[in-house]
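Engineer: Numbering (the working numbering), first residue to last: 3 to 112. All C-beta atoms in this analysis are idealised placements derived from N, C-alpha and C, irrespective of residue type, glycine included.
As C-alpha cells, then:
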C-alpha cells in the first residue's frame, strides 16, 4: 500500500466539515438577502401607489384621506392632506418583509 493515490478518511471528513461550516454560514445570509430584496420590491410598489394617488389628485381632483391597500402580502396604509387648493401631501406606511416599519411621504402641486 505504498502507492495509494486516493483520499484518506480524515481528508474526506475534513472537507465535509469545512463544507458544512460554509453552508451553515451562508444559508442565514441568503435568507437575510432574500428578505431585504422583498422589502425593496415592497418599497418600489409603495412609491408607485403614492405616485398614483398624487397623479389622481392632480388630474381628477380625487383626494384619498385614509385608505388601505393589500398587495404583495403587504398592507399599505395611505393618507393624504391637501394644503390649500394647489398642494397635496400624501404618505404611505407599511410593515416590510424584513419586519421593519416604513413610511414615505411625497408632495404634489397643481
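Determine the DSSP secondary structure at residue 24, reduced to helix, strand or coil.
Structural biologist: Within the chain shown, the letter at position 22 stands for residue 24. If DSSP states are grouped into helix, strand and coil, residue 24 belongs with the helices.
Engineer: Helix or strand or just coil, what does DSSP make of residue 102?
Structural biologist: Start at 1 with the first residue of the chain shown, and residue 102 comes out as number 100. Note: residue 102 maps to coil in three-state DSSP.
Engineer: Give the DSSP bridge partners of residue 110, in chain order.
Structural biologist: Within the chain shown, the letter at position 108 stands for residue 110. Beta-bridge pairing links residue 110 to 90.
Engineer: Ordered along the chain, which non-local residues of its own chain (more than five positions away) have a Cβ less than 7 Å from that of residue 47?
Structural biologist: By 1-based counting over the chain shown, the position of residue 47 is 45. If we look at residue 47 and ignore the five residues flanking it on each side, its Cβ neighbours are 73, 74.
Engineer: For the beta strand (DSSP E) that residue 82 lies in, which residues bound it at each end?
Structural biologist: Counted from its first residue, the chain shown places residue 82 at position 80. That run of the beta strand (DSSP E) goes 76–85.
Engineer: Since residue 71 is in the beta strand (DSSP E), which residue starts that stretch and which ends it?
Structural biologist: Taking the first residue of the chain shown as 1, we reach residue 71 at position 69. Unbroken beta strand (DSSP E) run through residue 71: 68–73.
Engineer: Going along the chain, which residues of its own chain have a beta-carbon closer than 7 Å to the beta-carbon of residue 112, five neighbours each way excluded?
Structural biologist: By 1-based counting over the chain shown, the position of residue 112 is 110. Excluding positions up to five away in sequence, the list reads 60, 88.
Engineer: Quick check on the burial criterion: 16 or more other C-beta atoms within 10 angstroms. Buried or exposed for residue 50?
Structural biologist: As a first step, residue 50 must be located in the chain shown, where it is residue number 48. Label assigned to residue 50: exposed.
Engineer: Hey, would you say residue 37 sits closer than 8 Å to residue 76, going by beta carbons?
Structural biologist: Residue mapping note: residue 37 aligns to position 35 of the chain shown, counting from 1. Residue mapping note: residue 76 aligns to position 74 of the chain shown, counting from 1. No; because the gap between Cβ atoms is not below 8 Å, this pair is not in contact.
Engineer: Can you list, in chain order, the residues of its chain whose CB lies under 7 Å from that of residue 69, leaving out five sequence neighbours each side?
Structural biologist: Numbered from 1 along the chain shown, position 67 holds the residue referred to as residue 69. Cβ neighbours of residue 69 beyond the five flanking positions: 80.
Engineer: Leaving out five residues before and five after residue 64 in sequence, what residues of the same chain have Cβ atoms less than 7 Å from its Cβ?
Structural biologist: Along the chain shown, read from residue 1 onward, the residue named residue 64 stands at position 62. Counting only Cβ-Cβ distances below 7 Å, and skipping sequence neighbours, we find 58.
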